[in-house]
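In the UniProt record's numbering, the protein residues as written are 1 to 165. No residue lacks a Cβ here, since even glycine has one placed at the ideal position from N, Cα and C. Bear in mind the structure is a predicted one, so any value in this text is a computation, not a measurement. Take a look at the structure below.
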């Protein structure tokens, strides 16, 4: 039995990640990571050259970056010196998330929709709480960012006793 309905962006992404693009022998690249280095990381983000064909249809168009809390930032994909970049809107995202030298970011492109962005700091833990940077007042138990997979209390005790790198 066949169905003529369309899949949602998440189902499409999961299918592409599982099965790849069978019409093309090259593996479809749908995500990439960046380690923030240099002095321009807060004003411009360059897409890796191998990833560029994936977003070429977005040239000159707006899309969104969605962080781990579900908040979205409008950004524009453009071309600068023969490279695809995020420039317009990127500095607001970088500022609101307190991006720092050495942070590790994973970008998952949901085909035709937006990017899911996961930010890891130098502790190797994903940053999940950005409320302080957004001038909101919803800190977690310890007023610290929590590593995924750790309980709030355990993270609080470890931070209090300085058992972290």
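Check                                                                                                                        : Outcome
Secondary structure, beta strand (DSSP E): runs of 3+ residues fully inside the UniProt domain "TF-B3" (30-123)              : 31-35, 62-66, 72-80, 83-86, 104-110, 114-120
Backbone CA spacing between residue 66 and residue 50 [nearest angstrom]                                                     : 22 Å
Three-state class that DSSP yields for residue 140 in the structure shown                                                    : Note that residue 140 scores 36 on pLDDT, short of 50, meaning its location in the model is unreliable; the coordinates nonetheless yield the value given after this. Looking at residue 140 - three-state DSSP - the assignment turns out to be coil, as it is neither helix nor strand.
Cβ neighbour criterion (16 or more within 10 Å) applied to residue 117                                                       : buried
Contact the segment 74-87 vs the segment 51-66: 3+ CB pairs below 8 Å                                                        : yes
Anticipated Cβ contact below 8 Å, residue 56 with residue 108, distance rounded                                              : 18 Å between Cβ atoms; not a contact.
Neighbourhood of residue 104 by C-beta distance below 7 Å, restricted to the same chain and skipping five residues each side : 33, 35, 120
Among 39, 48, 111, the one whose alpha carbon lies nearest that of residue 80                                                : 48
Beta-carbon spacing of residue 128, residue 78 below 8 Å                                                                     : no
Of the residues 42, 82, 37, 115, the one placed nearest residue 91, counting alpha carbons only                              : 42
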